[in-house]
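Every number in the numbering used here is 79 more than the matching position in the sequence shown, counting from 1. Heads up, the thing below is written out as structure tokens.
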Amino acid sequence: MAEAKDAARPEAIDARIYYAEPGLPRYRRFVATGAEVNTFGFTEHAVQIRNGRPHRDRLHLDAAGFELLDHKSKIANFLDQDEVGAAYPAEAIALVKDVTGASTVAITNWNLRSTDENEVRDFKARGRRDRTGRMQPPGLQVHIDHYPDVAERLARQLYEEQVPGGPGYRRAISMSLWRTFSDPPQDRPLAVCESPSVAPEEGLRNTLVFVDDVPDEAARNAPIEGEETMQAATLFAYSPQHRWWFFPDMTRDEALLFKFHDSDHSGAWRVPHTAFVDRSVARPVTRKSIELRCTAYFER
Numbered sequence: 080m081a082e083a084k085d086a087a088r089p090e091a092i093d094a095r096i097y098y099a100e101p102g103l104p105r106y107r108r109f110v111a112t113g114a115e116v117n118t119f120g121f122t123e124h125a126v127q128i129r130n131g132r133p134h135r136d137r138l139h140l141d142a143a144g145f146e147l148l149d150h151k152s153k154i155a156n157f158l159d160q161d162e163v164g165a166a167y168p169a170e171a172i173a174l175v176k177d178v179t180g181a182s183t184v185a186i187t188n189w190n191l192r193s194t195d196e197n198e199v200r201d202f203k204a205r206g207r208r209d210r211t212g213r214m215q216p217p218g219l220q221v222h223i224d225h226y227p228d229v230a231e232r233l234a235r236q237l238y239e240e241q242v243p244g245g246p247g248y249r250r251a252i253s254m255s256l257w258r259t260f261s262d263p264p265q266d267r268p269l270a271v272c273e274s275p276s277v278a279p280e281e282g283l284r285n286t287l288v289f290v291d292d293v294p295d296e297a298a299r300n301a302p303i304e305g306e307e308t309m310q311a312a313t314l315f316a317y318s319p320q321h322r323w324w325f326f327p328d329m330t331r332d333e334a335l336l337f338k339f340h341d342s343d344h345s346g347a348w349r350v351p352h353t354a355f356v357d358r359s360v361a362r363p364v365t366r367k368s369i370e371l372r373c374t375a376y377f378e379r
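This is the structure:
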């Protein structure tokens with residue numbers, strides 16, 4: 080199966096992805112009910128995205144920051160929130176423990192994505208409204224879900240909540256377990272950036288600010304007390320040094336595990352990622368995927 084996929088796709092494809100515009104004093108995303116606004120924009124860049132399937136032997140978690148796994152889930156219907164919620168977290172915990180050797184894995188949440196706007200709208204209308212199991216369109220901007228200090232803080236909070244009285248940990252890796260459950264080839268697959276190609280000083284703090292009403296332009300850039308304690312993602316400006324990869328034609332029996340943040344910076348410790356439009360296939364299929372966010376702890 081893997082050999083057939085390797086032969087069917089080229090070594091690399093040309094694509095266009097979106098980076099944050101560089102050089103701004105602040106990067107903020109204001110979110111109000113029914114509206115949101117950014118203090119920045121995105122710029123489109125042409126990049127080469129390499130086929131990772133022929134290179135699986137070297138693209139592993141501690142070398143590249145991501146790893147393609149063969150894993151058959153017992154979930155029959157990933158659109159069934161109750162079925163997924165009852166069984167998938169336990170599957171993920173067992174898989175992440177096996178791959179990383181971590182002693183404890185704590186789940187943050189899981190969510191679905193679809194490139195079908197009507198499906199996203201209908202799912203939101205009939206689905207639960209809690210913080211997990213929601214459906215959104217794919218993210219088409221280069222990002223990491225957490226800024227480094229935020230990731231460290233969230234790892235501590237999650238450990239205290241889910242492992243009360245635990246022995247503590249010497250290392251924590253926040254990560255995503257990503258799986259598509261639609262047929263290949265998907266129209267907007269996920270691209271991941273090889274961690275060693277990202278310089279340590281790169282990264283733009285993108286603060287998430289919840290407000291009752293979207294502020295005017297002047298207020299958007301005014302000082303915010305306690306901003307350093309708010310939830311924040313990492314955005315990136317374009318760099319020609321970034322090495323992009325994807326695993327074409329993924330199936331529901333595969334999963335891509337990649338790092339948001341590893342407290343051990345001696346190896347690959349973070350992976351910028353983005354969805355992209357794959358124009359190399361003639362008849363792409365609507366992408367449907369599930370992503371489970373978790374943190375793996377190496378306890379004392």
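Even for Gly, the Cβ is constructed at its ideal location relative to N, Cα and C.
Exposed or buried, residue i, counting other C-beta atoms within 10 Å across all chains shown (16 or more means buried)?
i	result
residue 255	buried
residue 361	exposed
residue 280	exposed
residue 320	exposed
residue 327	buried
residue 308	exposed
residue 344	exposed
residue 201	exposed
residue 122	exposed
residue 90	exposed
residue 156	exposed
residue 338	buried
residue 130	buried
residue 230	buried
Among the options, which residue has its Cα nearest to the Cα of residue i?
i	options	result
residue 277	300, 288, 314, 211	314
residue 239	220, 288, 184	184
residue 104	302, 219, 144	302
residue 109	327, 325, 311	311
residue 218	172, 97, 357	97
residue 195	231, 368, 118	368
residue 150	226, 330, 262, 285	330
residue 228	92, 340, 114	340
residue 138	118, 187, 120, 322	322
residue 291	107, 332, 102, 112	112
residue 88	123, 186, 263, 274	263
residue 295	221, 117, 317	117
residue 333	245, 135, 114	135
residue 371	226, 317, 257	257
residue 173	158, 275, 152	152
residue 132	148, 126, 125	148
residue 124	342, 375, 316	316
residue 213	232, 192, 197	192
residue 158	244, 259, 126	259
Does chain C have any CB closer than 8 angstroms to the CB of residue i?
i	result
residue 295	No chain C is part of this structure, which consists of one protein chain only.
Thinking C-beta only, is residue j closer than 8 angstroms to residue i?
i	j	result
residue 364	residue 266	yes
residue 347	residue 128	no
residue 373	residue 171	yes
residue 94	residue 355	yes
residue 178	residue 146	yes
residue 350	residue 223	yes
residue 273	residue 164	no
residue 50	residue 114	This structure cannot speak to residue 50, because the chain is shown only from 80 to 379.
residue 359	residue 92	yes
residue 353	residue 221	yes
Excluding the five sequence neighbours on either side, which residues of its own chain have a C-beta within less than 7 angstroms of the C-beta of residue i, listed in chain order?
i	result
residue 377	181, 182, 248, 249, 250
residue 261	364, 365, 366, 367
residue 119	99, 100, 103, 106
residue 275	347
residue 237	185, 187, 374
Roughly how far, in whole angstroms, is the beta-carbon of residue i from the beta-carbon of residue j, given that I think they are within contact range, below 8 angstroms?
i	j	result
residue 190	residue 215	7 angstroms
residue 283	residue 99	6 angstroms
residue 106	residue 300	Actually they do not touch by this definition, with Cβ atoms about 10 angstroms apart.
Looking at the ligand ATP, does it come within less than 7 angstroms of residue i, judged from the CB to the closest heavy atom?
i	result
residue 358	The model depicted lacks the ligand ATP and carries no ligand whatsoever.
Cutting at 6 angstroms between CB atoms, please list the residues of its own chain near residue i, excluding the five before and the five after it.
i	result
residue 268	325, 357
residue 379	246, 247, 249
residue 168	186
residue 306	286
residue 297	none
residue 226	284, 311, 313
Once you ignore the five residues that flank residue i on each side, which residues in its own chain have a CB closer than 8 angstroms to its CB?
i	result
residue 162	154, 155, 156
residue 141	346, 347
residue 406	Since the first and last residues shown for the chain are 80 and 379, residue 406 lies out of range.
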